[in-house]
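S.K.: After the structure tokens below, expect a handful of questions from me.
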Amino acid sequence: AQKITQTQPGMFVQEKEAVTLDCTYDTSDQSYGLFWYKQPSSGEMIFLIYQGSYDEQNATEGRYSLNFQKARKSANLVISASQLGDSAMYFCAMRERSNFGNEKLTFGTGTRLTIIP
Amino acid sequence: NAGVTQTPKFQVLKTGQSMTLQCAQDMNHEYMSWYRQDPGMGLRLIHYSVGAGITDQGEVPNGYNVSRSTTEDFPLRLLSAAPSQTSVYFCASKQASGAGLYEQYFGPGTRLTVT
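Take a look at the structure:
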């Protein structure tokens with residue numbers, strides 16, 4: 663079963679509007695972390711925001727916020743006031759502990775966001 | 005700090021050839037990993053290392069070898085390249101494992117084509 667599910671392969675959003683990118687996850691760990699990364703057309707992976715499973719408040723970083731609903735196992739990324747430079751692939755990822763107590767990231771398949779002027 | 009560097013940026017191999025993708029980081033990170041990115045599949049973990057001399061397999065390790073003789077370097081070796089290994093390869097590093105925010109820093113990627 664997929665551990666990270668991103669159900670929106672692509673989205674088109676008008677500039678200056680807010681956008682929500684969906685992410686649901688599956689884990690039996692009590693301690694885990696959720697990340698969002700941005701991948702522009704140049705190819706690099708850029709860290710955006712992190713949410714720990716024990717964090718009581720939703721994470722925010724500038725125009726990015728993470729809508730964390732633990733009971734529903736969802737960790738949606740919200741981008742406020744979208745800009746043309748937000749056009750990119752966005753990946754949701756989960757950090758779990760492997761057999762040796764070390765961590766690995768599991769990524770979703772990504773959402774391609776296109777901002778329309 | 006240069007962060008995470010990868011060489012080469014692009015590589016074309018013939019089936020059966022071997023090569024090593026280089027990865028280095030200058031942040032003194034204990035944890036390093038290799039991912040491959042294929043269209044429609046996100047990033048998948050190949051191998052990872054929690055420190056010099058310690059490596060382990062990820063989700064898709066077949067056809068790849070790794071070693072970690074120093075904290076800084078984590079090369080990925082393809083012993084006999086196959087067309088199925090055509091992909092973009094990312095190396096990443098992070099601080100030691102533990103709770104809290106320790107995001108992985110990614111290198112710029114290596115685009116590998118096997119013909």
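Chains as they are written, first to last, in the working numbering: chain A, 663 to 779; chain B, 5 to 119. Idealized CB from N, CA, C, for every residue including glycine.
1. Measuring straight from C-alpha to C-alpha, what distance separates B/A56 and A/P702?
2. How would you list, in chain order, the residues of chain A whose beta-carbon sits under 8 angstroms from the beta-carbon of B/L49?
3. Quick one: give me the first and last residue of the beta strand (DSSP E) that A/L696 is part of.
4. Give the straight-line distance between the Cα atoms of B/T59 and A/Q676, rounded to the nearest whole angstrom.
5. Cβ atoms of B/V64 and B/R40: under 8 angstroms apart, would you say?
6. For A/G714 and A/S693, I'd like the C-alpha separation in whole angstroms.
7. Using CA atoms only, rank isn't needed, just tell me which of B/S22, B/G113 and B/V118 is closest to B/A28.
8. Mind listing the chain B neighbours of A/F709? Cutoff is C-beta to C-beta under 7 angstroms, in chain order.
9. Could you check which residue in B/E76, B/K18, B/F14 and B/V92 has the C-alpha nearest to that of B/A6?
10. Roughly how far, in whole angstroms, is the beta-carbon of B/A96 from the beta-carbon of B/G67, given that I think they are within contact range, below 8 angstroms?
11. From A/G772 to B/Y106, what does the alpha carbon distance come to, in whole angstroms?
12. For the beta strand (DSSP E) containing B/D60, list its first residue and its last residue.
13. Give the residues from the stretch 8-39 of chain B that approach chain A closer than 9 angstroms (Cβ to any Cβ), ordered along the chain.
14. Distance cutoff 8 angstroms, beta carbons only. Does B/Y52 sit that close to anything in chain A?
15. So with Cβ pairs under 8 angstroms, would you call A/F753 a contact of chain B?
16. Look up B/D77 in the DSSP assignment and give the residues it is bridged to.
17. Got a sec: is the Cβ-Cβ distance from A/T771 to anything in chain B below 8 angstroms?
M.R.: In terms of the structure at hand:
1. Computed Cα separation, rounded: 32 angstroms.
2. Those are K766, L767 and T768, listed as they occur along chain A.
3. Counting along the chain, the beta strand (DSSP E) containing A/L696 begins and ends at G695 to Q701.
4. If I take the Cα positions, the gap works out to 46 angstroms.
5. Contact: yes.
6. Looking at the backbone, the Cα of A/G714 and that of A/S693 are separated by about 8 angstroms.
7. The shortest C-alpha separation from B/A28 is found at B/G113.
8. Neighbours of A/F709 in chain B, taken as residues whose beta carbon is under 7 angstroms from its own, are E107 in chain order.
9. Minimum Cα distance to B/A6 is reached at B/E76.
10. Not a contact, Cβ separation roughly 20 angstroms.
11. Roughly 21 angstroms between the two C-alpha positions.
12. Run containing B/D60: I58 to Q61, per the beta strand (DSSP E) assignment.
13. Hits within the stretch, in order: Y35, S37 and Y39.
14. Yes, B/Y52 counts as interfacial toward chain A.
15. At least one CB atom of chain B sits nearer than 8 angstroms to the CB of A/F753.
16. In DSSP, B/D77 forms a bridge with B/A28.
17. Interface residue, yes.
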